[in-house]
Structure formats: C-alpha cells, structure tokens
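The structure appears right after this line, and notes come after that.
Protein chains: 2
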Amino acid sequence: MSSATSSPVTVETINPKVLKCEYAVRGEIVTHAQRLQQELQEKPGSHPFDEILYCNIGNPQSLGQQPITFFREVLALCDHPSILDREETQGLFSLDAIARARQILNQIPSRATGAYSHSQGIKGLRDSIAAGIATRDGFPANADDIFLTDGASPVVHMMMQLLLRSEEDGILCPIPQYPLYSASIALHGGTLVPYYLDEATGWGLEVSEVKKQLEAARSKGIIVRALVVINPGNPTGQVLAEDNQREIVEFCKKEGLVLLADEVYQENIYIDNKKFNSFKKISRSMGYGEKDIALVSFQSVSKGYHGECGKRGGYMEVTGFSADVREQIYKVASVNLCSNISGQILASLVMNPPKVGDKSFKSFSAEKNGILSSLGRRAKTLEDAFNSLEGVTCNKAEGAMYLFPWLHLPQKAIKAAEAAKKAPDAFYAHRLLDATGVVVVPGSGFGQVPGTWHVRCTILPQEDKIPAIVSRLTAFHEAFMDEFRD
Amino acid sequence: MSSATSSPVTVETINPKVLKCEYAVRGEIVTHAQRLQQELQEKPGSHPFDEILYCNIGNPQSLGQQPITFFREVLALCDHPSILDREETQGLFSLDAIARARQILNQIPSRATGAYSHSQGIKGLRDSIAAGIATRDGFPANADDIFLTDGASPVVHMMMQLLLRSEEDGILCPIPQYPLYSASIALHGGTLVPYYLDEATGWGLEVSEVKKQLEAARSKGIIVRALVVINPGNPTGQVLAEDNQREIVEFCKKEGLVLLADEVYQENIYIDNKKFNSFKKISRSMGYGEKDIALVSFQSVSKGYHGECGKRGGYMEVTGFSADVREQIYKVASVNLCSNISGQILASLVMNPPKVGDKSFKSFSAEKNGILSSLGRRAKTLEDAFNSLEGVTCNKAEGAMYLFPWLHLPQKAIKAAEAAKKAPDAFYAHRLLDATGVVVVPGSGFGQVPGTWHVRCTILPQEDKIPAIVSRLTAFHEAFMDEFRD
Numbered sequence: 030m031s032s033a034t035s036s037p038v039t040v041e042t043i044n045p046k047v048l049k050c051e052y053a054v055r056g057e058i059v060t061h062a063q064r065l066q067q068e069l070q071e072k073p074g075s076h077p078f079d080e081i082l083y084c085n086i087g088n089p090q091s092l093g094q095q096p097i098t099f100f101r102e103v104l105a106l107c108d109h110p111s112i113l114d115r116e117e118t119q120g121l122f123s124l125d126a127i128a129r130a131r132q133i134l135n136q137i138p139s140r141a142t143g144a145y146s147h148s149q150g151i152k153g154l155r156d157s158i159a160a161g162i163a164t165r166d167g168f169p170a171n172a173d174d175i176f177l178t179d180g181a182s183p184v185v186h187m188m189m190q191l192l193l194r195s196e197e198d199g200i201l202c203p204i205p206q207y208p209l210y211s212a213s214i215a216l217h218g219g220t221l222v223p224y225y226l227d228e229a230t231g232w233g234l235e236v237s238e239v240k241k242q243l244e245a246a247r248s249k250g251i252i253v254r255a256l257v258v259i260n261p262g263n264p265t266g267q268v269l270a271e272d273n274q275r276e277i278v279e280f281c282k283k284e285g286l287v288l289l290a291d292e293v294y295q296e297n298i299y300i301d302n303k304k305f306n307s308f309k310k311i312s313r314s315m316g317y318g319e320k321d322i323a324l325v326s327f328q329s330v331s332k333g334y335h336g337e338c339g340k341r342g343g344y345m346e347v348t349g350f351s352a353d354v355r356e357q358i359y360k361v362a363s364v365n366l367c368s369n370i371s372g373q374i375l376a377s378l379v380m381n382p383p384k385v386g387d388k389s390f391k392s393f394s395a396e397k398n399g400i401l402s403s404l405g406r407r408a409k410t411l412e413d414a415f416n417s418l419e420g421v422t423c424n425k426a427e428g429a430m431y432l433f434p435w436l437h438l439p440q441k442a443i444k445a446a447e448a449a450k451k452a453p454d455a456f457y458a459h460r461l462l463d464a465t466g467v468v469v470v471p472g473s474g475f476g477q478v479p480g481t482w483h484v485r486c487t488i489l490p491q492e493d494k495i496p497a498i499v500s501r502l503t504a505f506h507e508a509f510m511d512e513f514r515d
Numbered sequence: 030m031s032s033a034t035s036s037p038v039t040v041e042t043i044n045p046k047v048l049k050c051e052y053a054v055r056g057e058i059v060t061h062a063q064r065l066q067q068e069l070q071e072k073p074g075s076h077p078f079d080e081i082l083y084c085n086i087g088n089p090q091s092l093g094q095q096p097i098t099f100f101r102e103v104l105a106l107c108d109h110p111s112i113l114d115r116e117e118t119q120g121l122f123s124l125d126a127i128a129r130a131r132q133i134l135n136q137i138p139s140r141a142t143g144a145y146s147h148s149q150g151i152k153g154l155r156d157s158i159a160a161g162i163a164t165r166d167g168f169p170a171n172a173d174d175i176f177l178t179d180g181a182s183p184v185v186h187m188m189m190q191l192l193l194r195s196e197e198d199g200i201l202c203p204i205p206q207y208p209l210y211s212a213s214i215a216l217h218g219g220t221l222v223p224y225y226l227d228e229a230t231g232w233g234l235e236v237s238e239v240k241k242q243l244e245a246a247r248s249k250g251i252i253v254r255a256l257v258v259i260n261p262g263n264p265t266g267q268v269l270a271e272d273n274q275r276e277i278v279e280f281c282k283k284e285g286l287v288l289l290a291d292e293v294y295q296e297n298i299y300i301d302n303k304k305f306n307s308f309k310k311i312s313r314s315m316g317y318g319e320k321d322i323a324l325v326s327f328q329s330v331s332k333g334y335h336g337e338c339g340k341r342g343g344y345m346e347v348t349g350f351s352a353d354v355r356e357q358i359y360k361v362a363s364v365n366l367c368s369n370i371s372g373q374i375l376a377s378l379v380m381n382p383p384k385v386g387d388k389s390f391k392s393f394s395a396e397k398n399g400i401l402s403s404l405g406r407r408a409k410t411l412e413d414a415f416n417s418l419e420g421v422t423c424n425k426a427e428g429a430m431y432l433f434p435w436l437h438l439p440q441k442a443i444k445a446a447e448a449a450k451k452a453p454d455a456f457y458a459h460r461l462l463d464a465t466g467v468v469v470v471p472g473s474g475f476g477q478v479p480g481t482w483h484v485r486c487t488i489l490p491q492e493d494k495i496p497a498i499v500s501r502l503t504a505f506h507e508a509f510m511d512e513f514r515d
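The listed protein sequences derive, respectively, from chains A and B.
Each step along the first sequence adds one to the number in my numbering, with nothing skipped, and position 33 is 62.
Each step along the second sequence adds one to the number in my numbering, with nothing skipped, and position 167 is 196.
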C-alpha cells in the first residue's frame with residue numbers, strides 16, 4: 030500500500046471508535062461561538078452583542094470568578110520554594126500559607142515538586158486527602174485507596190478501560206448524562222445502558238427504572254458492569270436524598286455492579302434542605318465495607334467554590350476491589366507516570382482548607398461563602414427566568430453548576446429545524462447564540478427522553494451580567510415564539 | 030449474575046488488554062526498591078547501603094537536580110498574579126521573570142490561569158512554541174499544529190488510539206524501545222512490529238532492517254500504520270545522523286507510514302560531533318511539505334536540562350494530516366478538556382528560554398550549562414565504569430539520560446536465574462539492588478535481541494555520588510562474577 034502523494038491516514042482508516050465518540054460541551058456550537066468571537070474582535074459591532082458568554086461549560090474562572098487566595102499562595106510558594114526563607118515573602122504571603130507550603134514540601138520526597146511522584150500521587154498528600162475524606166464522612170479513609178489524577182476525566186477513562194472488554198459490556202448511565210461518559214464508553218468500545226431521570230420529580234433517580242433498564246440490557250446479552258451516578262447531577266442539578274442513595278447502594282450490591290460515583294460537585298449545593306452525602310459514607314453507614322461493594326468516588330479541583338479547572342487536579346477513591354485488580358489499576362496509572370504535582374497539591378488543599386483559628390480562615394471563608402451564595406442567587410434568577418418563558422419549564426438547580434430547561438417547542442420550529450438539518454434543540458441554541466452571544470449546549474448532547482428538547486446553561490456568568498442575560502434571553506425567546514408559534 | 034458477597038470485578042473479568050500491558054520502568058523491581066527503602070527508614074543499618082538510588086527512571090529532580098530558577102519564578106508569578114504589582118515582588122523575583130509572567134498572562138484569555146483552555150492549549154502559548162520551533166529548525170511552524178498535553182505520554186496514547194483498529198494494525202517500534210510504546214500498543218489492542226537497533230554500530234538504525242521487518246509484518250497480514258523513532262534514543266542514547274534521518278523520512282514517505290518522532294531528549298546531547306535535528310526540519314529541508322509526509326513530533330518539559338517531570342507539560346506538533354483527521358484528533362483532545370496550564374506555560378518557556386540580553390540570561394545559562402556538562406561527565410564516567418566490568422560492554426550515551434550496557438552473563442548465572450524463576454537480567458538487577466541500593470531496569474522491559482541481556486541505568490545521580498556508585502557497582506560485579514563465573 031505504497032502511497033507517494035499524501036497522508037496514509039484518512040477518516041475511513043482511523044479507529045472507528047474515535048469516529049463514534051462525541052463530546053457536546055466542546056462541540057459544533059462552541060466552534061461557531063469562537064468564530065463569532067473572532068468576528069467581534071476583528072469588526073466590533075458586527076453582531077447584536079458585545080461579547081460571547083460561554084454558558085456551555087463549567088469553567089468559572091473563564092467568566093471572571095477569582096481564585097481562592099490561600100490556595101494560590103500555597104501553589105506559588107511550592108513552585109518557587111527558595112523564596113520561603115526570604116523576609117519579603119512574609120509581606121507578600123499570609124503566614125499560614127507559608128506554613129502550609131512548608132508542611133506540603135516536607136511531605137514530598139526530596140521536596141522535589143518537579144519530580145515524578147508515586148503513580149498514585151505523593152503519599153503525604155494522599156494521607157491529607159484521606160484525612161479530609163474521613164472528616165467529611167465520619168468514616169475512615171485510606172491513602173492507599175486514593176489515586177490522584179489530572180482532573181476527574183482520566184479517572185473515567187481508567188475505569189472504562191478496566192471494565193469494558195467489548196460492546197457486550199455495558200455501563201448504566203443516567204440520561205441526561207455528562208457526555209464524558211458516553212464519549213469514554215464509545216472510545217473504549219462498550220455499550221451505554223441508559224436509565225432515565227424523572228424530570229417531573231425534579232430529575233428523580235428511581236431505582237425501579239434502573240432495574241428495568243438493567244434487565245432489558247441483560248435480556249439482550251449485555252453484561253452490565255457498573256452504574257454511574259452523578260450527584261449533584263450534571264446537567265440536571267438535583268441533589269440525591271439519603272434514602273435514595275441507600276436504595277442505590279443496596280441495588281448495586283444485590284446486582285453485582287460497581288458503583289461509579291461522580292461526586293465532583295460535592296461543594297456546590299444551593300438549597301438549605303438538602304446536603305451532600307458521599308456514597309462511601311452512605312454505604313459504610315449501612316454497615317457495608319470493603320467486601321460488600323465495589324465503589325469508586327471521583328473528586329475534582331475544577332468544581333466546588335474554587336473552580337480551578339486549569340490546574341487539572343482530581344482523585345478517585347477506590348474501595349471494594351481485590352488486591353490483584355487494584356494492582357492492574359495501579360499499572361494503568363503507572364503507564365502515565367503520575368499526575369501533575371500542582372494539581373496534587375491543590376487536591377490536598379481542597380480537601381483540607383483553612384480551619385477556624387487559621388490566619389487565613391476569615392478571608393478564605395469570605396471568599397468561599399461569597400462565591401457559593403452568589404452562585405445560589407444566580408441559579409435562582411436564571412431558573413425563574415427560564416420558567417417565565419412561554420413553553421419552558423425548568424427544574425431547580427439544587428446543586429452543581431447547571432440548569433437544564435425543557436423547551437416545549439412549537440411544531441413550526443421543529444419543522445424549521447428539520448429544514449435547517451439541525452435537531453430542534455440545536456436549532457434553538459444556534460438561534461440564541463446568533464441573537465444574544467449566549468452559548469448553551471443542546472440537550473441532545475446529554476441525552477433526553479425522545480421527543481423532548483432541552484438546553485444546558487451554566488449558572489456561571491458573573492452576577493452583574495445576569496440581568497442583561499435574562500433580558501436578552503427573554504427578548505430572544507419572545508421573538509422566537511412570535512416567529513414559530515403554532 | 031447477582032453476587033451478594035464481594036466485588037463483581039476480578040482479574041479474569043477485566044479488559045484483557047489491561048492485563049497484557051506491561052510497564053517495566055515502574056515494575057516489580059521498583060516495588061521491591063520501595064520496600065527496601067521503607068525497611069531502611071524503619072531500621073537504619075538493615076541493609077548494606079544507606080539509601081536507594083533510583084536509576085530506573087529519567088526523573089532528575091528526584092535525585093537532587095535543582096529546577097531552573099527563571100522557569101520557577103515565572104510559574105509562581107502566574108499562579109499568584111496578584112503579587113505582580115507589589116513592591117516586595119521586585120526584590121524577590123528577577124525583573125525579566127516578572128515581565129515574562131505579565132506577557133504570558135496577557136496571552137491567556139481573561140488572564141485566567143485557573144480556567145480550562147482551548148483543548149489544544151492556550152493559543153498565545155502555542156504561538157510562542159511555534160516561534161520556538163521555527164527558530165530551532167529554520168522552517169516555519171504553525172500554532173494550529175500544536176497540541177499541548179500533560180507530558181508526552183498522553184500524546185502516544187492519542188496517536189495509538191487514533192491509528193489502531195485491531196490487532197491487525199501494527200506500529201514499527203525500535204527494539205530496545207521505551208516501554209510506553211509497547212504498553213500503549215497493548216492497551217489499544219494493536220500489534221508492535223519490532224525493528225532491531227544495531228548494538229555493534231552504537232545502536233544504529235538501519236533502514237534495511239526496518240524494511241525487512243515491515244515486509245515480514247505485511248506478509249503476515251499486518252497493516253503497518255506508523256514508524257516510531259526515538260531520537261536521541263531511549264534506552265539506547267544514540268543520536269541519529271542527518272543522512273540516516275533523511276533515509277527514514279524517504280522510507281516513511283515511500284511506504285505510506287506516519288512518522289512518530291519521539292524527540293523529548295532534544296536538549297540532551299553530550300558529544301561535540303553530533304547535534305539534534307528534528308524530523309520536521311529534515312523533511313522540510315528535503316523539500317517535503319504537508320502533502321508529502323504525516324509527521325508527529327513529541328516534546329516534553331520532563332527532560333532536557335530542566336527535567337520538570339512533575340509539571341506534566343508537553344506537546345505534539347502534528348503535520349501532514351488531512352483536515353478531517355485533524356478534527357478527530359482535536360475531538361479526542363477535547364474529551365479531556367485541556368492539559369494543565371502550568372505545564373502549558375512551562376512548555377512555552379522551554380521553547381523560549383531567556384535570550385542574550387535578558388536580565389536572567391547569565392544565571393540561566395550558568396544553570397543550564399552546569400547541568401548539561403555535569404550530565405555529560407556522569408555519562409562518561411558511568412560508561413567507562415560499565416566497560417571496565419568483566420563481560421560487560423556499553424555503548425556511549427551520546428544523548429538522552431541512559432546507558433544500556435550488555436551483560437555477557439555466565440551460564441552459571443543464567444541457570445541460577447532460571448532456578449530463581451527470573452530472567453537473567455532481572456536476576457542481575459535484583460542482586461545489584463539488594464547489594465548496593467542501586468535500582469536499574471532489566472533489559473527485558475525494553476526488548477533486546479533474544480539471548481542477550483542488558484540493564485538500563487540512568488546517568489542522573491548527582492555528581493558527588495557517582496564515585497561511590499562506581500565502586501559499589503564494581504565490587505558487586507566482581508563478587509557476582511566470582512560466584513557465577515563458568
């Protein structure tokens with residue numbers, strides 16, 4: 030197959046699993062938005078808006094959220110430890126950040142932040158994270174169970190790589206889901222077994238529905254290996270009740286499923302009558318230990334009140350696997366050597382933030398609470414705005430960073446979308462972008478009950494921009510309905 | 030398949046590709062070394078050495094190499110930009126580091142080092158890297174061709190994921206090779222097609238040998254998709270001559286192979302009569318452009334004189350692929366959102382270090398040249414030491430960070446290894462570790478001509494430790510030969 034003219038690689042000859050994979054939150058609409066942004070730069074005034082507002086992705090600092098000072102102080106000092114002993118440093122950095130940096134450097138072999146670490150991450154940092162988990166849950170955690178990673182995405186790939194042998198292996202995923210799951214399952218050649226969240230009950234997770242889908246998959250010969258639960262929900266924003274979590278644990282135990290618990294939004298809760306409970310805490314409180322349930326919990330530094338997406342820090346806590354399977358997980362981690370050390374340090378800080386009595390505690394708490402309460406207000410304002418639109422209903426964002434409103438689109442709009450060769454929700458999202466500069470992701474990227482249409486919209490634009498977004502959205506939607514109302 | 034007692038996941042039911050994958054540089058001997066280290070900590074004097082010397086992996090800062098000051102200054106300032114305008118900062122940081130940090134922050138949208146970036150990496154940083162490549166090669170480079178990644182390992186996985194459809198797809202790899210390649214090919218279910226480097230000619234890469242192996246693979250029905258070349262070599266340390274590189278480019282063009290050029294050791298050259306030439310430069314100087322050859326070049330911040338392994342920065346420069354294949358590569362990159370921003374910044378610094386006239390240039394050059402000339406001396410001393418051992422021959426480390434001496438082991442040692450159920454090189458490496466605390470990796474982890482035995486030893490221990498290593502190695506080897514000489 031000599032070829033003297035051009036590349037031997039074509040889309041017809043690449044891995045078909047790559048072709049099959051889709052990732053909506055960075056998909057076509059974002060490419061279109063980037064094009065508009067460039068046009069705005071080159072020719073200001075060329076569009077009916079001044080800026081693109083990226084509500085497509087949970088990326089708080091891209092929209093102006095400031096990093097938590099204490100975290101950044103510690104990271105900077107660990108990057109350049111030789112200033113730790115300089116007098117000027119005491120004027121520039123808080124004293125407890127200096128102390129924390131020293132403590133972290135002492136946990137790192139040879140104090141070398143520029144060395145590859147243990148493939149699970151630096152042992153001392155894993156000890157701190159385990160202590161943070163134990164404080165959170167009231168149950169012990171073990172540093173040997175922690176695998177530090179470059180954000181939470183690699184964790185999902187590692188588990189899919191481990192569990193999926195062929196398309197006859199299935200993973201139960203919520204619909205709507207975060208499309209990392211569908212993308213990773215496609216890349217690793219398995220089958221996504223969908224279970225539907227109930228929009229009518231605030232995106233309720235009904236175990237009876239999961240069971241029904243499990244049985245349907247099994248009857249088709251699919252070996253279902255794991256259940257993915259995202260709590261708080263993405264894109265759906267619900268926070269699971271304790272009773273519901275107990276049912277889920279019981280179900281996984283009974284059915285022999287690994288429970289993959291995506292808990293990256295554990296700090297993002299905006300309502301008083303719900304709180305986050307980790308699945309580890311729930312299963313331990315039910316008396317289930319290592320031997321009873323295989324459970325992987327994911328955490329990320331990208332979310333929470335800190336939103337440090339660019340640092341790519343995260344971890345998984347792996348419990349309930351045999352030693353020889355654990356060894357295989359370690360081997361896969363070791364092929365990439367280790368995750369980045371700044372991300373590892375940040376993960377240890379997120380799980381052990383300043384405490385009462387620490388010098389930085391007051392300013393840290395003010396920053397944290399300011400961000401979280403503002404996010405709560407933004408969620409409520411945007412939820413109300415969506416609910417005030419004709420033919421739109423929107424569940425509460427109890428947690429996470431998203432609203433997922435249901436667009437009851439008129440038939441005429443659906444026909445227009447068809448003529449434009451777009452799904453109706455993609456048609457709406459493109460129209461919205463072209464009219465307002467607001468980027469949302471069509472619901473089809475996350476999955477939805479067939480025949481229903483949604484968009485995912487983050488709650489992340491800064492608070493002073495929210496009124497303008499609401500009025501632009503409202504005006505757009507009125508015009509859209511005027512054009513397409515049946 | 031209900032299971033009420035334990036984890037549903039066993040080594041028998043995980044993905045067999047995971048089981049098949051091996052990664053020697055973090056394999057069994059390292060686990061054994063970590064155990065010894067712990068024993069030394071708990072019971073000093075329990076072994077005939079005071080410390081474990083990890084010569085198993087190219088991890089300079091773990092062995093005491095200090096980071097380059099300028100790079101760390103810039104990273105710290107980018108982590109905590111709010112100190113940029115403080116007066117104390119001018120006393121703590123060099124003025125050009127402050128200026129560089131400002132310049133980099135201005136290249137980052139919203140100056141947000143905590144935001145996810147474009148999935149290929151921050152455009153402004155890619156522009157800098159492209160400029161650095163153009164300066165290095167004397168041929169233009171394009172920011173759109175750069176994909177920034179968390180170290181170079183993810184690049185290898187991305188390309189294997191793209192190219193390998195089944196075990197009928199093959200990748201030509203040098204033997205000995207860096208085991209990331211064999212591991213990644215196993216994980217992605219393809220076939221490694223070996224070509225042998227010629228130890229007798231200083232690990233020469235003969236195109237006739239590559240052609241022979243390509244034809245043999247094709248005759249077995251393997252579709253060979255790419256040729257991996259590691260230059261400077263790992264574990265073999267050779268630096269390819271320009272003529273040789275031209276033959277390789279011509280061969281790939283003629284045979285329709287993607288050229289995967291692992292160029293992560295491009296700064297690590299220790300002899301005067303060889304220099305590094307990128308395959309991009311070579312192919313462009315032959316008059317071949319985008320349409321003629323598909324070429325992927327890998328670079329990492331982990332190697333070079335800086336050795337910033339823990340920062341997980343790296344990039345690939347992708348040329349000669351069609352737009353639609355490029356789009357698929359982008360999609361796979363986008364599923365993981367982006368690489369860590371500190372690693373991205375560091376990659377831009379490595380490709381654009383301080384220049385003549387910059388405030389830091391003198392101190393930067395002193396640090397850089399100090400490290401490189403010391404590495405050259407260490408390579409020579411260790412090479413001579415290996416060559417002085419009975420039955421050991423060792424090629425020069427012209428570049429990279431390793432020696433790969435050939436151990437002509439006596440039959441009696443081979444029989445003893447067999448009795449201990451170890452490969453002879455693993456047997457030797459274990460004996461060496463137990464006697465001296467020096468960790469080297471058995472050659473079988475890299476591949477070697479059947480019946481020959483090697484170990485890979487880094488040249489990274491600090492210079493003041495080299496004499497002790499040489500005398501311990503020499504004493505060990507003498508005793509080993511006394512025990513096993515035929």
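Glycine included, every Cβ here is placed at the ideal spot set by N, Cα and C.
Neighbour-count burial assignment, residue i, 16 or more Cβ in a 10 Å radius
i: D108/B; result: buried
i: P45/B; result: exposed
i: D321/B; result: buried
i: S213/B; result: buried
i: V385/A; result: exposed
i: L209/B; result: buried
i: P205/A; result: buried
i: A504/A; result: exposed
Inter-residue spacing [alpha-carbon to alpha-carbon] between residue i and residue j
i: P264/A; j: Y207/A; result: 6 Å
i: A159/B; j: E346/B; result: 9 Å
i: A508/A; j: L438/A; result: 13 Å
i: R485/A; j: E197/B; result: 41 Å
i: S31/A; j: P169/B; result: With a pLDDT of 40 at S31/A, under the threshold of 50, the modelled position of that residue is not reliable, and the figure given next carries that caveat. Approximately 28 Å between the Cα atoms of the pair.
i: L401/A; j: N297/A; result: 7 Å
i: T348/B; j: K391/A; result: 52 Å
i: V499/B; j: P479/B; result: 28 Å
Contact with chain D by residue i, beta-carbon distance below 7 Å
i: G339/B; result: Here the protein chains are A and B, and chain D is not one of them.
Residues that residue i bridges to, as DSSP identifies them
i: Y145/B; result: In DSSP, Y145/B forms no bridge with anything.
i: A516/B; result: Chain B is shown only over 30 to 515; residue 516/B falls outside these bounds and no answer can be derived.
i: E346/A; result: I175/A, S326/A
i: P223/A; result: C202/A
Cβ distance (whole Å) where residue i is taken to contact residue j below 8 Å
i: V445/B; j: F513/B; result: Reading off the sequence, residue 445/B comes out as Ala, not Val. With a Cβ gap of about 6 Å, A445/B and F513/B count as contacting.
i: P89/B; j: G336/B; result: 3 Å
i: N260/B; j: E292/B; result: 6 Å
i: V103/B; j: R129/B; result: 5 Å
Proximity below 7 Å, CB of residue i to CB of residue j
i: A429/B; j: A408/B; result: no
i: L69/B; j: P490/B; result: no
i: L289/B; j: V268/B; result: no
i: V54/A; j: N85/A; result: yes
i: F99/B; j: F393/B; result: yes
i: I133/A; j: I358/A; result: no
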